[in-house]
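Numbering-wise (UniProt numbering), the sequence shown opens with residue 1 and increments by one. Backbone N, C-alpha and C define an ideal beta-carbon position, used for all residues, glycine too. Contents: one structure, followed by commentary.
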Amino acid sequence: MHEAVDRIEAAWEWWAAAIDESQEGRWVRDTVERRVIADITVATQCLHGGRVPPFIDDPLRVRVGRIAAWAGVIRLAARAGGWTLSPVVGHQPPHPARMPELLSGIYAVAEWGEVWLARSDTPSERAVAAAEHFLAGPGSMEDLESFFYD
């Protein structure tokens, strides 16, 4: 659980750095960045059927797979924009923070789903729920577009 919490805390820090830059007018997204955010929203909104996390009615492996699916979406988004994803745990987000930092923060949590799938042991219910809350539901990455004022 500790590793997952570290990732989620770092992810929120990197996410907040990028969103703050945007909301304070220091980062105005270009056309590619707007389209990438729209594509992320479309690609991930169907993953839970509109339910609010934690998705305790689903088998744990399905829940972890849903988290891991975000990793592929974020990697594709980074490639589409020509951005490089950076490790976030143990690192402060650079300033100014922009799209690469935003995607890196989200990827840190999504990638953990892939790590969990590759392991033979079962992740804790709390860690999975924390990742689900980061990625889906009100105020989460799922609502990403609403955080931009441009």
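Can you list, in chain order, the residues of its chain with a C-beta nearer than 6 Å to that of Ile106? Leave out the 5 residues immediately preceding and following it.
Mapped onto the sequence shown, residue 106 falls at position 106. Hits under 6 Å: Ile74 and Met141.
When you compare each of Pro87, Val115 and His91 to Leu103 by their alpha carbons, which one comes out closest?
In the sequence shown, counting from the first residue as 1, residue 103 sits at position 103. Checking every option, the nearest Cα to that of Leu103 belongs to Pro87.
Assuming Glu132 and Ile67 form a contact by the criterion Cβ under 8 Å, report the distance between their Cβ atoms to the nearest whole angstrom.
Residue numbering aside, residue 132 sits at position 132 when the sequence shown is read from its first letter. Residue numbering aside, residue 67 sits at position 67 when the sequence shown is read from its first letter. About 7 Å separates the two Cβ atoms, so the contact holds.
Taking only the alpha-carbon atoms, compute the straight-line gap between Tyr149 and Ser120 and give it to the nearest angstrom.
The residue given as residue 149 occupies position 149 in the sequence shown. The residue given as residue 120 occupies position 120 in the sequence shown. Going from the Cα of Tyr149 to the Cα of Ser120 covers about 43 Å.
What does a CB cutoff of less than 7 Å around Gln55 pick up in its chain, not counting 5 residues either side in sequence?
As a position in the sequence shown, residue 55 is number 55, starting the count at 1. It should be pointed out that residue 55 corresponds to Phe in this sequence rather than to Gln. So the qualifying residues of the chain are His48, Arg63 and Glu132.
Limits of the unbroken alpha helix (DSSP H) element including Met141
For the purposes of this step, residue 141 is taken as residue 141 along the sequence shown, with counting starting at 1. Unbroken run through Met141: none, as it is neither H nor E.
Give a yes or no on whether the C-beta atoms belonging to Gly81 and Val109 are separated by under 8 Å.
Stepping through the sequence shown from its first residue, residue 81 is reached at position 81. Stepping through the sequence shown from its first residue, residue 109 is reached at position 109. Result no, Cβ atoms of Gly81 and Val109 do not sit closer than 8 Å.
Reduced DSSP category for Trp27 - H, G, I as helix; E, B as strand; rest coil
Residue 27 sits at position 27 when you count from the first residue of the sequence shown. Of the three classes helix, strand and coil, the one that applies to Trp27 here is coil, per DSSP.
Rounded to the nearest angstrom, what separates Ile8 and Ala130 at their Cα positions?
Walking along the sequence shown from the start, residue 8 turns up at place 8. Walking along the sequence shown from the start, residue 130 turns up at place 130. About 8 Å.
Contact belief for Glu111 with Ala71 at Cβ below 8 Å, rounded distance in angstroms:
As a working mapping, residue 111 is identified with position 111 in the sequence shown. As a working mapping, residue 71 is identified with position 71 in the sequence shown. Going by Cβ atoms, the distance from Glu111 to Ala71 rounds to 5 Å, so yes, they are a contact pair.
Would you mind working out which of Trp83, Ala78, Pro96 and Glu101 sits nearest Val89, comparing C-alpha positions?
The residue you call residue 89 lines up with position 89 of the sequence shown. Closest by alpha carbon: Glu101.
Within the continuous alpha helix (DSSP H) that includes Ile56, where are the two ends?
In the sequence shown, the residue the question calls residue 56 occupies position 56. Segment: none, Ile56 is in no alpha helix (DSSP H) and carries neither H nor E.
Where Ser120 falls: helix, strand or coil (DSSP)
Counting from one through the sequence shown, the residue named residue 120 turns up at place 120. Here Ser120 sits in coil by DSSP.
Where does Ser22 land, buried or exposed, given buried means 16+ other C-beta within 10 angstroms?
By one-based count along the sequence shown, residue 22 stands at place 22. Buried, by the Cβ-count rule.
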